[in-house]
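Heads up: the sequence shown is residues 121 to 558, going by the working numbering. Glycine is no exception: its CB is placed at the ideal position from the N, C-alpha and C atoms. Inspection log for the structure reproduced underneath, given as structure tokens.
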Amino acid sequence: MPRWVIHLDLDAFFASAEQLTRPTLRGRSVVVGGTGPRGVVAGASYESREYGVRSAMPMSQARRLLPAGAVILPPRFRLYERLSKRVFDVVSSVAPVLERISLDEAFAEPPSLAHATIDEVTAFAEDLRARIRAETGLTASIGAGMGKQVAKIGSDRAKPDGLLVVPPGAEREFLAPLPVRALWGIGPVAEANLRTIGVKTLGELANLPESDAVATLGGAVGRELRKLAGGTDDRPVAERGEAKQVSAETTFDVDVVDLARLRAEVRRIAVGAHARLVKAGRVARTVVIKLRHTDMSTVTRSETTASPTDDLEQLAATAERLLLDPAQFGGVRLAGVAFSGLSVPHQDALFTLTVPAASEPVVATEPSPGGAAPVSSSGWRPGDDVVHAEFGTGWVQGAGHNRVTVRFETLASGPGVARTFEQSDPALTRGEPWDCLE
């Protein structure tokens, strides 16, 4: 009998966490991310996705797509970490070895599923999804199959709030019609290279002669991706250590010999690495660039900032500043960008995803998605956690004109009452992101 691997992915995790702990937001379009001129979307509720909003999208573009009454909030990574721990504590009780990919997804190979039938796997996964919902309030989608790749794609196709079990022996048929980008390890460059030889689907990649796969994608990589496209995946599920860096790199079809083009390419690569940084819920202190010369020699350069950040503009500008001019260095066949010195944002308000410019809205609750109150002179801003001496735990819904409006609600309270106070009211104090869980 085959082994069974499951991939669990929390649905729209960042936005769902906000809707869970701020009940007024349930059923509404919610976007989590940076609200400054160069802010990016860290997460979007399914209500927002119906309008085309996606993670890693510029927030300026998301605002144009959002309907009236949509809500834009700064991230609360410390809250997301606590909720993530609750979820994976549940999963660990039935699957002791977890390969955590990020705050919201993980692989597991539950011991109880050894030699299990399809019906038993289905019952196990449905029970696990029900337990997660009952014990945390969050929904998870699960994919199950003989290998990690099939399980991962299964959970993607099961979203939202679904389950997909790929029967043993059906892997090749399941994967065949999917576009090559569905496979982990195939990015835009590899996709373009495959397209030049007429390969657009995983079925076509699986049927490609090995020599052609190697010539197009490289030696070990070409062989491995061709094998995965055919449904063969014996990679083990193993615990991961804490990520030390996130990175992205590209091998160019033609060596880059112009500094202006190299800068443009490195900025694009930095955007990809930044998306992984945001998904991991981390900030970085060090930017590293890697340049591989035409003769295969490699140069790496790095710069460390005084404080960690997730500011895309700052990180990308640092990467560009580290570049060497190909006119002096020689043609560049590969470029990479890595962000290291990772940490959790210990004070959410310090980081770009959470700090808007004074003229930028945070919560769009008025008829126009751009019509929310700006950051107030007192320092209160929409989305801040608040504790009031009399009314308890809440969050700032709007601030301005020496007033601050607080919605008092928590995970267990149901939609709460909004009250307005003087900004300097001594009964108002700053809360912690996890206060809403009590």
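Exercise. Considering only residues of the segment 204-263, which uninterrupted alpha helix (DSSP H) runs meet the minimum length of 4 residues and lie entirely inside it, listed in chain order?
Worked result: 238-256
Exercise. Taking the continuous alpha helix (DSSP H) assigned at GLN139, which residues delimit it?
Worked result: For the purposes of this step, residue 139 is taken as the residue at position 19 of the sequence shown. Here the alpha helix (DSSP H) through GLN139 covers 133-141.
Problem set entry | DSSP beta-bridge partners of PHE528 | Taking the sequence shown and counting its residues from 1, the one referred to as residue 528 is at position 408. Answer is VAL537, bridged to PHE528.
For this session: Inspect the beta-carbon positions of VAL151 and VAL160 and report whether they are closer than 7 Å.
Result: Within the sequence shown, the letter at position 31 stands for residue 151. Within the sequence shown, the letter at position 40 stands for residue 160. Cβ distance not < 7 Å, so VAL151 and VAL160 don't count as in contact.
Problem set entry | Segment contact flag, the segment 351-358 with the segment 379-387, C-beta cutoff 8 Å, min 3 pairs | no
Exercise. Just reading off the alpha helix (DSSP H) that HIS127 is part of, what are its end residues?
Worked result: As a working mapping, residue 127 is identified with position 7 in the sequence shown. Counting along the chain, HIS127 sits inside no alpha helix (DSSP H); it lies in the beta strand (DSSP E) bounded by residues 125-130.
For this session: Please say whether TYR200 and ALA302 have beta carbons closer to each other than 7 Å?
Result: As a first step, residue 302 must be located in the sequence shown, where it is residue number 182. As a first step, residue 200 must be located in the sequence shown, where it is residue number 80. ALA302 is not a Cβ neighbour of TYR200, given a cutoff of 7 Å.
Exercise. Per DSSP, what kind of secondary structure is ASP281 in: helix, strand or coil?
Worked result: Here the question's residue 281 lines up with position 161 in the sequence shown. The answer is coil: DSSP assigns ASP281 none of H, G, I, E or B.
For this session: Please go through the same chain and pick out, in chain order, the residues whose beta-carbon is closer than 6 Å to the beta-carbon of ALA493, but skip the five residues on each side of it.
Result: Walking along the sequence shown from the start, residue 493 turns up at place 373. Low local confidence applies: a pLDDT of 32 at ALA493 is under 50, so the model's placement there is unreliable, with the coordinate-based value given in what follows. Hits under 6 Å: GLY518, ALA519 and GLY520.
Exercise. Can you tell which of LEU193, PRO178 and THR141 has the C-alpha that lies nearest to the C-alpha of SER149?
Worked result: Within the sequence shown, residue 149 is the residue found at index 29, counting from 1. For SER149, the nearest C-alpha among the options comes from LEU193.
Problem set entry | CB contact flag (THR259, ASP281, <7 Å) | Taking the sequence shown and counting its residues from 1, the one referred to as residue 259 is at position 139. Taking the sequence shown and counting its residues from 1, the one referred to as residue 281 is at position 161. Yes, the Cβ-Cβ distance between THR259 and ASP281 is below 7 Å.
Exercise. Can you name the residues that DSSP bridges to VAL161?
Worked result: Start at 1 with the first residue of the sequence shown, and residue 161 comes out as number 41. In DSSP, VAL161 forms a bridge with GLY153.
Exercise. Which partner residues does THR513 have in the DSSP bridge list?
Worked result: Position 393 of the sequence shown holds residue 513. BP columns for THR513 point to VAL507.
Exercise. Going by the beta-carbon positions, is the gap between HIS127 and SER275 smaller than 7 Å?
Worked result: If you number the sequence shown from 1, residue 127 lands on position 7. If you number the sequence shown from 1, residue 275 lands on position 155. Going by C-beta atoms, HIS127 is nearer than 7 Å to SER275.
Problem set entry | Where the alpha helix (DSSP H) containing GLU433 begins and where it ends | Taking the first residue of the sequence shown as position 1, residue 433 is located at position 313. Element bounds for GLU433: 432-441.
For this session: Compute the Euclidean distance between the alpha carbons of PRO476 and THR155, then round it to the nearest angstrom.
Result: Working through the sequence shown from its first residue, we reach residue 476 at position 356. Working through the sequence shown from its first residue, we reach residue 155 at position 35. Confidence at PRO476 is low in this model, with a pLDDT of 33, below 50, so its placement is unreliable and the value that follows should be read with caution. Between PRO476 and THR155, the C-alpha separation is close to 5 Å.
Problem set entry | Where VAL191 sits in the DSSP three-state scheme | One-based indexing of the sequence shown puts residue 191 at position 71. If DSSP states are grouped into helix, strand and coil, VAL191 belongs with the strands.
For this session: Just mark ARG142 as buried or exposed, buried being the case when its beta carbon has 16 or more other beta carbons within 10 Å.
Result: Start at 1 with the first residue of the sequence shown, and residue 142 comes out as number 22. Under this definition ARG142 is a buried residue.
Exercise. So, are the CB atoms of PHE227 and GLU240 less than 7 Å apart?
Worked result: Locating residue 227 in the sequence shown gives position 107, where the first residue counts as 1. Locating residue 240 in the sequence shown gives position 120, where the first residue counts as 1. Their beta carbons are not under 7 Å apart, which means PHE227 does not touch GLU240 by this criterion.
Exercise. Comparing the CB of PRO428 with every heavy atom of the ligand NAD, is any distance shorter than 6 Å?
Worked result: The ligand NAD is absent from the structure shown, which contains no ligands of any kind.
Exercise. Within 10 angstroms of its Cβ, does ALA215 collect 16 or more other Cβ (buried), or is it exposed?
Worked result: The residue you call residue 215 lines up with position 95 of the sequence shown. The residue is buried, with at least 16 neighbouring Cβ atoms inside 10 Å.
Problem set entry | Option in ASP375, GLU423 and GLY401 with minimal Cα separation from ASP445 | Working through the sequence shown from its first residue, we reach residue 445 at position 325. In terms of Cα proximity to ASP445, the closest of ASP375, GLU423 and GLY401 is ASP375.
Problem set entry | Closest Cα partner of ASN522 within the set GLU510, LEU298 and ASP545 | As a working mapping, residue 522 is identified with position 402 in the sequence shown. Restricting attention to GLU510, LEU298 and ASP545, the CA atom closest to the CA of ASN522 is found in ASP545.
For this session: Report back the beta-carbon spacing between ALA271 and GLY263 to the nearest angstrom; my notes put them in contact at under 8 Å.
Result: Here residue 271 is taken as the residue at index 151 of the sequence shown, counted from 1. Here residue 263 is taken as the residue at index 143 of the sequence shown, counted from 1. Indeed, because the Cβ distance is near 4 Å, the residues count as touching under 8 Å.
For this session: Grab the span of the beta strand (DSSP E) containing HIS394 for me, first residue to last.
Result: The sequence position of residue 394 within the sequence shown is 274, counting from 1. Counting along the chain, HIS394 falls outside any beta strand (DSSP E), though it belongs to the alpha helix (DSSP H) covering 379-399.
Exercise. Could you give the distance in angstroms between the alpha-carbon of VAL210 and the alpha-carbon of ILE252?
Worked result: Along the sequence shown, read from residue 1 onward, the residue named residue 210 stands at position 90. Along the sequence shown, read from residue 1 onward, the residue named residue 252 stands at position 132. Near 7 Å, if we compare the C-alpha coordinates of ILE252 and VAL210.
Problem set entry | Simplified DSSP state of GLN365, which is helix, strand or coil | Taking the sequence shown and counting its residues from 1, the one referred to as residue 365 is at position 245. Note: GLN365 maps to strand in three-state DSSP.
Problem set entry | DSSP three-state assignment for ALA349, whether helix, strand or coil | Walking along the sequence shown from the start, residue 349 turns up at place 229. Residue state, collapsed to three classes: helix.
Exercise. Does DSSP classify ARG523 as helix, strand or coil?
Worked result: Your numbering for residue 523 matches position 403 in the sequence shown. Correct three-state label for ARG523: strand.
Problem set entry | Through-space distance from PHE528 to GLY512, alpha-carbon basis | For the purposes of this step, residue 512 is identified with residue 392 of the sequence shown, where counting begins at 1. For the purposes of this step, residue 528 is identified with residue 408 of the sequence shown, where counting begins at 1. Separation of GLY512 and PHE528 (C-alpha to C-alpha, rounded to the nearest whole angstrom) is 7 Å.
Exercise. Can you tell me the Cα-Cα spacing of ALA182 and GLN434, whole angstroms?
Worked result: Within the sequence shown, residue 182 is the residue found at index 62, counting from 1. Within the sequence shown, residue 434 is the residue found at index 314, counting from 1. So the two alpha carbons sit approximately 21 Å from each other.
Exercise. In the structure shown, what three-state DSSP assignment does GLU330 receive?
Worked result: If you number the sequence shown from 1, residue 330 lands on position 210. Three-state result, GLU330: helix.
Exercise. Quick one, which of ALA439, GLY499, LEU337 and GLY289 has its alpha-carbon nearest HIS394's?
Worked result: Your numbering for residue 394 matches position 274 in the sequence shown. It is ALA439.
Exercise. Out of curiosity, what's the CA-to-CA distance linking SER533 and ASP129?
Worked result: If you number the sequence shown from 1, residue 533 lands on position 413. If you number the sequence shown from 1, residue 129 lands on position 9. Whole-angstrom Cα-Cα distance: 27 Å.
Exercise. Anyone know if the C-beta pair for ALA404 and GLY461 falls short of 7 Å?
Worked result: Numbered from its first residue, the sequence shown carries residue 404 at position 284. Numbered from its first residue, the sequence shown carries residue 461 at position 341. Yes, the Cβ-Cβ distance between ALA404 and GLY461 is below 7 Å.
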